Amino acid sequence: MTKYTCPCCGYRTMDLGPGHYEICPVCFWEDDPIQKQNPNYDGGANKVSLRAGQQNFINFGACEEDMRVYTRPPNNEELRDVDWRQLN
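Its first residue numbered 1, the sequence shown is counted upward by one per residue in full-length UniProt numbering.
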């Protein structure tokens, strides 16, 4: 089955295509198409912007610090997408 890339952590965890408001089990990011189009927007499905969510994932393993309890490490099939890049 095809897995789609989470825009926050870069792991291939999403079963639905981009923009279906699916929640990533690795970083707990909710895939919001508006936030993907505007990575500085800190509203919508997530309290933080995509840019901040990516930095938060690097810092403490979740899109928001208080969401760490809902996350898990990627499993063996959930590889990081080689084309994914953190936003500058």
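Note that beta-carbon positions come from the ideal geometry of N, C-alpha and C, so glycine has one too. Computed from a predicted model, the values in this text were never measured in an experiment.
- Taking 8 Å as the cut-off, the beta carbon of Gln35 is found closer than this to the beta carbon of Leu50.
- Assignment of Arg12 by DSSP, reduced to helix, strand and coil, places it in the strand class.
- Taking the Cβ atoms as the reference, Glu64 lies roughly 6 Å from Val48, within the contact range of under 8 Å.
- In this chain, the alpha helix (DSSP H) harbouring Lys36 covers 33–37.
- Tyr41 has no beta-bridge partner at all, per DSSP.
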